[in-house]
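Student: Quick one: this structure, given as structure tokens, is what I'll be asking you about.
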Amino acid sequence: DVKVTQSSRYLVKRTGEKVFLECVQDMDHENMFWYRQDPGLGLRLIYFSYDVKMKEKGDIPEGYSVSREKKERFSLILESASTNQTSMYLCASTGWSPTDTQYFGPGTRLTVL
Amino acid sequence: DAKTTQPNSMESNEEEPVHLPCNHSTISGTDYIHWYRQLPSQGPEYVIHGLTSNVNNRMASLAIAEDRKSSTLILHRATLRDAAVYYCILSPNNAGNMLTFGGGTRLMVKP
Numbered sequence: 157d158v159k160v161t162q163s164s165r166y167l168v169k170r171t172g173e174k175v176f177l178e179c180v181q182d183m184d185h186e187n188m189f190w191y192r193q194d195p196g197l198g199l200r201l202i203y204f205s206y207d208v209k210m211k212e213k214g215d216i217p218e219g220y221s222v223s224r225e226k227k228e229r230f231s232l233i234l235e236s237a238s239t240n241q242t243s244m245y246l247c248a249s250t251g252w253s254p255t256d257t258q259y260f261g262p263g264t265r266l267t268v269l
Numbered sequence: 064d065a066k067t068t069q070p071n072s073m074e075s076n077e078e079e080p081v082h083l084p085c086n087h088s089t090i091s092g093t094d095y096i097h098w099y100r101q102l103p104s105q106g107p108e109y110v111i112h113g114l115t116s117n118v119n120n121r122m123a124s125l126a127i128a129e130d131r132k133s134s135t136l137i138l139h140r141a142t143l144r145d146a147a148v149y150y151c152i153l154s155p156n157n158a159g160n161m162l163t164f165g166g167g168t169r170l171m172v173k174p
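Dropping the structure here:
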């Protein structure tokens, strides 16, 4: 069974803390993505990466950074968490072909107090 | 990027067929039509995709209009487990193989 795993299902942090969300895939996919999902706003792309050490901004990159040191791992970093970053964060990965399936992790529900 | 339009919500009775429509009037010739669904408290999961011809798999069928400006996801016998948000997405051949999720259709299944 193919797998995308995320480091935590639930996370509670305080305003100003540095937060790391980890994502690991076991399918040798080149492309990895971080989305956030909020009620009424759907899934919005934060960042994506199409190769090791490569990153591209998505639609809402402000307040976030990413790291991809190894092909299987893509990390999302909140340098200084704020309450408006309380959200569900979803990681996904896929291959290069437009017919390749995008596989999602179970999500991390982050609450910033 | 070409956009899709779906109804916000639909309702179905258990064990009846469900037809979920999607309009994509600005689709280009190389765009694939993908359907994903998101069950409550889970990440989205792949359902089916197609280019021009109708497609069947174990989860659903995809009927694509001849002009490709619309498509319909068909669940042959809805179960309670099929209650989810269904997303119709066009995937152009772009860097990173990105998908752009719209609002989707929330399917409610009544017992």
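From first to last, the protein sequence lines are chains A and B.
Just so we're aligned, residue 157 is where the first sequence starts under my numbering, counting upward by one.
Just so we're aligned, residue 64 is where the second sequence starts under my numbering, counting upward by one.
The beta carbon of each residue, even a glycine, is placed where N, CA and C say it ideally should be.
1) So for B/Asn71, helix, strand or coil by DSSP?
2) Evaluate B/Val121 with the Cβ neighbour count: other Cβ atoms within 10 Å of its Cβ, from every protein chain shown; 16 or more gives buried, anything less gives exposed.
3) Have a look at B/Gly166, B/Lys173, B/Asn117, B/Pro174 and flag the residue whose alpha-carbon is nearest the alpha-carbon of A/Arg200.
4) If you follow the beta strand (DSSP E) that A/Arg200 is part of, which residue opens it and which one closes it?
5) With burial defined as no fewer than 16 other Cβ atoms inside 10 Å of the residue's Cβ, what is the status of A/Gly196: buried or exposed?
6) Only counting the same chain, and skipping five residues up and downstream in sequence, which positions put a Cβ closer than 8 Å to that of B/Arg140?
7) Give me the subset of the segment 157-191 of chain A whose CB atoms are less than 7 Å from a CB atom of chain B, sorted by chain position.
8) Chain A partners of B/Gly92, CB-CB under 9 Å?
9) Pair every Cβ in the segment 84-91 of chain B with every Cβ in the segment 124-135 of chain B, then say whether three or more of these pairs are closer than 8 Å.
10) Would A/Phe204 pass as an interface residue toward chain B - the criterion being a Cβ-Cβ separation below 8 Å?
11) Starting from B/Tyr141, trace the beta strand (DSSP E) both ways and give me its first and last residue.
12) How would you label A/Gly172, buried or exposed, when you count the other beta carbons within 10 angstroms and need 16 or more for buried?
13) Using a Cβ-Cβ cut-off of 8 Å (strictly less than) and excluding sequence neighbours within five positions of A/Lys226, which residues of its own chain qualify?
14) Could you tell me the boundaries of the beta strand (DSSP E) in which A/Glu178 lies?
15) Since B/Ile152 and B/His97 are thought to touch, with beta carbons under 8 Å apart, how far apart are those beta carbons, to the nearest angstrom?
16) Inspect the CB distances between the segment 246-257 of chain A and the segment 185-196 of chain A and report whether three or more fall short of 8 Å.
17) So which residues on chain A does B/His112 lean against when the C-beta distance must stay under 7 Å?
18) Kindly indicate which residue of A/Tyr206, A/Arg224, A/Gln193, A/Ser236 has the alpha-carbon position closest to the one of A/Ile216.
19) DSSP three-state label for B/Thr89, please.
20) Give me the chain B residues within the contact set of A/Thr250, using Cβ-Cβ distance strictly less than 7 Å, ordered along the chain.
Tutor: Taking the definition as stated:
1) DSSP places B/Asn71 in coil when its eight states are reduced to three.
2) Before going on, a small fix: residue 121 of chain B reads as Arg here, not Val. B/Arg121 is exposed by the Cβ-count criterion.
3) B/Gly166
4) 198-205
5) Result: exposed.
6) Glu78, Glu79, Pro80
7) Asn187
8) Ordered by position in chain A, no residue passes the 9 Å Cβ test against B/Gly92, which lies about 12 Å from the chain.
9) yes
10) yes
11) It should be noted that the sequence gives Ala, not Tyr, for residue 141 of chain B. Segment: none, B/Ala141 is in no beta strand (DSSP E) and carries neither H nor E.
12) exposed
13) Val208
14) Counting along the chain, the beta strand (DSSP E) containing A/Glu178 begins and ends at 175-181.
15) 5 Å
16) yes
17) Thr255
18) Residue nearest to A/Ile216 within the set A/Tyr206, A/Arg224, A/Gln193, A/Ser236 is A/Gln193 (criterion: CA-CA distance).
19) coil
20) Asn160
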